[in-house]
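To keep things clear, I will list the structure first and then write my remarks on it.
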Amino acid sequence: MSSSPTALVTLAGGCFWCTEAAFEQLAGVVSVLPGYMGGHDPAPTYEAVCRGGTGHAEVVQIAFDPAVIDYETLLTAFFTIHDPTTLNRQGHDVGTQYRSAIFYHDDAQRAAAEAMIARLTAEGVWSAPIVTEVSPAASFFVAEAYHHQYFRRNPQQAYCMAVVAPKAMKLRRVFAERLKAD
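Structure, rendered in structure tokens:
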């Protein structure tokens with residue numbers, strides 16, 4: 006791997022178990038941390054976020070090596086593995102904590118996210134409007150340890166088999182040439 010400095014991207018695409026399992030497969034991704042962002046509670050917990058009263062979204066904060074994978078490729082993967090047209094929902098997961106959001110870390114990320122949304126909209130990739138929120142990154146709260154690498158540790162759990170595995174497999178299929186060496 007390159008010795009260049011890492012950059013951050015923070016994305017909310019539904020359950021963080023799904024987004025973590027998908028993104029950790031990509032070459033150039035150094036780490037993927039599940040957590041919470043975009044709310045008002047100064048100390049969110051999983052239980053409080055799931056109740057929907059904190060305003061936080063379940064997110065993954067991805068450290069990546071820009072010499073190996075660029076921000077636009079990560080955004081493309083993000084839009085590949087979730088439905089950005091469903092407001093506050095991904096499949097059976099419903100609530101603001103499951104919203105589609107890109108939390109940008111600088112103006113270049115903001116501009117790239119807005120440009121990609123505009124391009125996908127113009128191309129008519131989805132039949133409904135994209136509702137992905139584009140907001141400045143705020144305080145990131147790392148999720149409780151039992152959420153880290155949840156899919157890797159619990160592949161036979163029913164939710165993982167029904168929801169997480171198909172998203173991870175879709176990323177593997179679409180980004181086959183961008184995967185980490187096993």
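Residue numbers (our numbering): 6 to 187.
Even for Gly, the Cβ is constructed at its ideal location relative to N, Cα and C.
Bear in mind the structure is a predicted one, so any value in this text is a computation, not a measurement.
Suppose the cutoff is 6 angstroms on Cβ atoms and the five residues either side in sequence are ignored; what does the same chain contact list for residue i look like?
| i | result |
| --- | --- |
| L80 | M121 |
| E29 | V37 |
| H110 | L13, A142 |
Buried or exposed: residue i, going by 16 or more other Cβ atoms within 10 Å of its Cβ?
| i | result |
| --- | --- |
| W22 | buried |
| L184 | exposed |
| V14 | buried |
| Q161 | exposed |
| T101 | buried |
| R178 | exposed |
| A163 | exposed |
| P47 | exposed |
| S105 | buried |
| E128 | exposed |
Going by the DSSP bridge assignment, what does residue i pair with across the sheet?
| i | result |
| --- | --- |
| G40 | V64, V147 |
| D112 | According to DSSP, which records beta bridges pairwise, D112 is partnered with nothing at all. |
| L125 | For L125, which the question treats as bridged, DSSP gives no partner whatsoever. |
| F180 | Per DSSP, none; premise fails for F180. |
| R138 | The question names Arg, but residue 138 in the sequence shown is Glu. Paired residue(s): A106. |
| Q95 | D98 |
| V54 | According to DSSP, which records beta bridges pairwise, V54 is partnered with nothing at all. |
| F69 | A12, V34 |
Could you please give the first and the last residue of the uninterrupted beta strand (DSSP E) stretch that includes residue i?
| i | result |
| --- | --- |
| F108 | 105 to 109 |
| P47 | Note, P47: premise wrong, no beta strand (DSSP E); not H, not E. |
| T15 | 12 to 18 |
List the endpoints of the continuous alpha helix (DSSP H) containing residue i.
| i | result |
| --- | --- |
| T85 | 76 to 86 |
| C165 | First-last for C165: undefined, no H or E at that position. |
| E25 | 21 to 28 |
Spatial neighbours of residue i within its chain, please: C-beta separation below 7 angstroms, excluding the five flanking residues on both sides.
| i | result |
| --- | --- |
| T11 | V35, A68, F69, D70 |
| D112 | none |
Excluding the five sequence neighbours on either side, which residues of its own chain have a C-beta within less than 8 angstroms of the C-beta of residue i, listed in chain order?
| i | result |
| --- | --- |
| Q114 | V14, Y76, I107 |
Legend entry - Segment contact, 8 angstroms Cβ cut-off, at least three pairs: the segment 16 to 35 with the segment 62 to 74: yes
Inset, instruction - Examine the Cβ distances between the segment 125 to 132 and the segment 45 to 63 and report whether three or more of them are shorter than 8 angstroms. - result: no
Legend entry - the segment 59 to 66 / the segment 37 to 50 touching (three or more Cβ pairs under 8 angstroms): yes
Legend entry - Three or more C-beta pairs below 8 angstroms linking the segment 164 to 173 and the segment 137 to 154: no
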